[in-house]
Amino acid sequence: MAKSGLPRFLDRPTDVEPCLILVGMAGAGKTTIGRAVARALAWAHVDTDHIMEAWWGQDLESLRQRLGLEDFLRAEEQTILYLNIQRAVISTGGSVVYSEPAMRRLRAMGTIVHIHAGLDTIRSRIEAAPNRGLAMPPGYSLDDVYYERQELYLRYEQFRVSTDGVAEADAVQTILDLWLKKI
Numbered sequence: 600m601a602k603s604g605l606p607r608f609l610d611r612p613t614d615v616e617p618c619l620i621l622v623g624m625a626g627a628g629k630t631t632i633g634r635a636v637a638r639a640l641a642w643a644h645v646d647t648d649h650i651m652e653a654w655w656g657q658d659l660e661s662l663r664q665r666l667g668l669e670d671f672l673r674a675e676e677q678t679i680l681y682l683n684i685q686r687a688v689i690s691t692g693g694s695v696v697y698s699e700p701a702m703r704r705l706r707a708m709g710t711i712v713h714i715h716a717g718l719d720t721i722r723s724r725i726e727a728a729p730n731r732g733l734a735m736p737p738g739y740s741l742d743d744v745y746y747e748r749q750e751l752y753l754r755y756e757q758f759r760v761s762t763d764g765v766a767e768a769d770a771v772q773t774i775l776d777l778w779l780k781k782i
């Protein structure tokens, strides 16, 4: 047994390795780019939307409809607050920026990179995937949500990488270059 009372193989090292956290609008490319960055770093990739889907046993849009927007955002916040991982690329849900406690937790876990795409790009990507949900208050348009969230992403981002007209490989390389310079 280790000092923690856990079997030795479950005792984590005390020197925590930081994570790389990707935030941005639905359709910006967080999951696609996150997987590629994780592969390049030989790290785990964690998608918090997938964690929520696995926990609740249903897709995000069904979950949002079932819980309502306020409780959905609270569930997303709790998902982040319970994360206890390291040395991973984390792709977050686009609405995570509505939660200051979740964003503080993510900042404590590592470096926050805003995966940015313009409104026209986001609109075309969302329209191309009709089953993709978007946590949006009643009466809001995509434009409203986009501009509201941009201010929040700006508040929390440590780096910004655009995916507008940029090849996936180039966006990935930009993140890797920023990450290596930061270390």
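Going by this note's numbering, the first residue of the sequence shown is number 600, and it counts up by one from there.
C-beta atoms are modelled at their ideal positions from N, C-alpha and C, and glycine is treated no differently.
Treat the numbers as computed from the prediction; the structure is a model and nothing was measured.
- Using 10 angstroms around the beta-carbon of TRP778, count the other beta-carbons present and answer buried if the total reaches 16, otherwise exposed. With 16 or more other CB atoms across the displayed protein chains lying within 10 angstroms of its CB, TRP778 is buried.
- Item | Whole-angstrom distance between LEU680 and GLY732, CA atom to CA atom | 22 Å
- Task: May I ask you to check if the CB of HIS649 is nearer than 7 Å to at least one heavy atom of the ligand ATP?
- Result: For the ligand ATP, the structure offers nothing, since it holds no ligand at all.
- Can you tell me which of the three DSSP states ARG731 falls into? coil
- Item | Delimiting residues of the beta strand (DSSP E) encompassing VAL760 | 758-761
- Among residues of its own chain, excluding the 5 on either side of GLU756, which ones have a beta-carbon nearer than 6 Å to its beta-carbon? ILE711 and HIS713
- Where the alpha helix (DSSP H) containing ALA643 begins and where it ends: Looking at the DSSP string, ALA643 is not in any alpha helix (DSSP H); the run it does join, the beta strand (DSSP E), is 643-646.
- Quick one: using the 10 Å Cβ neighbour count with 16 as the cut-off for buried, is SER698 buried or exposed? buried
- Query: Sorted by chain position, which residues of the same chain lie with C-beta nearer than 7 Å to VAL771's C-beta, five sequence neighbours on each side aside?
  - Reply: ILE632, ALA635, VAL636 and ALA639
- Message: For SER690, would you say it is in contact with chain B, using Cβ-to-Cβ distances shorter than 8 Å as the test?
- Response: Absence of chain B from the displayed structure is noted, only one protein chain being present.
- Tell me whether the beta-carbon of ASP648 lies closer than 8 Å to the beta-carbon of LEU666. no
- Message: So HIS715 and GLY623 are supposed to be a Cβ contact under 8 Å. How far apart are they, rounded?
- Response: For HIS715 against GLY623, the beta-carbon gap comes to about 6 Å, under 8 Å, which counts as contact.
- Consult DSSP for VAL765 and reduce its assignment to one of helix, strand or coil. Note: VAL765 maps to coil in three-state DSSP.
- In or out: GLU767 buried (at least 16 other Cβ within 10 Å) or exposed? exposed
- Relative to the alpha-carbon of ALA701, which residue among GLY717, ARG686, LEU682 and VAL760 has its alpha-carbon at the smallest distance? LEU682
- beta strand (DSSP E) segment containing ILE689, residue limits: 687-690
- Got a sec, what are the start and stop residues for the beta strand (DSSP E) GLY709 sits in? 709-715
- Start-end ranges of the beta strand (DSSP E) lying completely within the region 612-638, minimum 3 residues: 618-622
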